[in-house]
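Trainee:
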Amino acid sequence: MSIDADCLLDWFDESARDLPWREVDCSPWGVLVSEIMLQQTPVARVLPVWQEWLDRWPRPSALAEESQGEVLRAWGRLGYPRRALRLHTAASVIAREHGDEVPDDVDTLLALPGIGAYTARAVAAFAYGRRAPVVDTNVRRVVARAVHGAGDSGPASTSRDLADVEALLPADEPTAARFSAALMELGALICVARSPRCTGCPLVSDCAWQRAGRPEYTGPAKPVQQYGGTDRHVRGLLLDVLRNTTEPVEKSRLDVVWSKPGQRDRCLDSLLVDGLVEQTPDGRFGLPGEH
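When you line the sequence shown up against UniProt numbering, it's residues 1 to 291, in that order.
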């Protein structure tokens, strides 16, 4: 089980996107913010918001001192806003318990609130050059095709996926970190889910999927995420109202955003439960910490 590391890294050196969180002067905090923002969100949408956040909150302590409501407002329409609150909580712990410096090892990163297996390893690898298997959807797809000869990766298995990538990593720590970034970039740019660009792939001559005749994926179908009309959509509409105000609003201001009262009220209740919205004693609604 192997991938030609030299071939992949040569391709990465020539073809990698110029992203600010990959710059040598990007702080570990900048890397952590980027990794949280990039979860389920395209790079193009993240870039301007990431830059605004780093300009405004260049250290964890700066974000920790901000109100949750303002953090949610700055998150804008990146989606999955609970990520913003988790990042705010993690920033508070980093500032208080780690001298305002993002930890550099996986276990300590995993102990931070809201930091999971992927994010901890990504920060260790990309911010500190550690040898840590970094596994996302793109990486899983590349490994499935190039190593296992399958058309796609199938259902995720954290232990199996981490073991697969661990076995592929070069022994040298800095090289392993670059290899992790290159593997992810290959899946994002070349070994894409639909219509992979195999003619431009540096691994094409050794790819197990190519050698097997590029068989179709026959495993379990992956769920197609819908957005319009879903509870996630309605929650976003409700939050938009509150992000565009400086003080709590009457419920009537929220009622106009969606015509189905049952779904609308259910979504508002879920926002309250998640701590993304708070209700004032007089019955109005606002972002947390802003009344």
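By construction, the Cβ of each residue, glycine as well, lies at the ideal position given by its N, Cα and C atoms.
Treat the numbers as computed from the prediction; the structure is a model and nothing was measured.
Between ASP206 and the rest of its own chain, which residues show a CB-CB distance below 7 Å, the 5 nearest in sequence each way excluded?
Mentor: Closer than 7 Å at Cβ, skipping near neighbours: ASP4.
Trainee: Answer with buried or exposed for VAL192, where buried requires no fewer than 16 other C-beta atoms within 10 angstroms of its C-beta.
Mentor: By the 10 Å Cβ count, VAL192 comes out exposed.
Trainee: DSSP on residue 343, reduced to helix/strand/coil?
Mentor: Any answer about residue 343 is impossible in this case: the structure gives the chain only from 1 up to 291.
Trainee: Decide if ARG141 is buried, meaning its Cβ has at least 16 other Cβ atoms within 10 Å, or exposed.
Mentor: So ARG141 ends up on the buried side.
Trainee: Hey, how far is the Cα of LEU9 from the Cα of TYR80?
Mentor: Their backbone Cα atoms lie some 33 Å apart in a straight line.
Trainee: Below 8 Å, how does it come out for the segment 88–102 and the segment 54–67: are there three or more Cβ pairs, yes or no?
Mentor: The segment 88–102 vs the segment 54–67: in contact.
Trainee: Check for me: the alpha helix (DSSP H) holding TYR118 runs from which residue to which?
Mentor: 117–128 is the extent of the alpha helix (DSSP H) around TYR118.
Trainee: Check GLU278 in the structure and name its three-state DSSP category.
Mentor: Strand.
Trainee: So, at 7 Å on beta carbons, what are the nonlocal neighbours of GLU216 in its own chain, with the 5 sequence-adjacent residues on each side left out?
Mentor: These residues qualify, in order along the chain: GLY151.
Trainee: In the DSSP output, which residue or residues are listed as bridge partners for PHE179?
Mentor: According to DSSP, PHE179 bridges with nothing at all.
Trainee: CA-CA distance, SER153 and PRO220?
Mentor: C-alpha separation (whole angstroms): 10 Å.
Trainee: Taking 9 Å as the CB-CB limit, is THR137 close to chain B?
Mentor: The question asks about chain B, but that chain is absent: this structure has only one protein chain.
Trainee: Does DSSP put residue 337 in a helix, a strand or coil?
Mentor: Here the chain has residues from 1 to 291 only, and residue 337 is not among them.
Trainee: Taking DSSP as the reference, what is the three-state secondary structure of VAL165?
Mentor: Helix, per DSSP.
Trainee: Looking at the structure shown, is VAL46 part of a helix, part of a strand, or coil, going by DSSP?
Mentor: Helix, per DSSP.
Trainee: Should ARG178 go down as buried or exposed, given a rule of 16 or more other Cβ atoms within 10 Å for buried?
Mentor: By the 10 Å Cβ count, ARG178 comes out buried.
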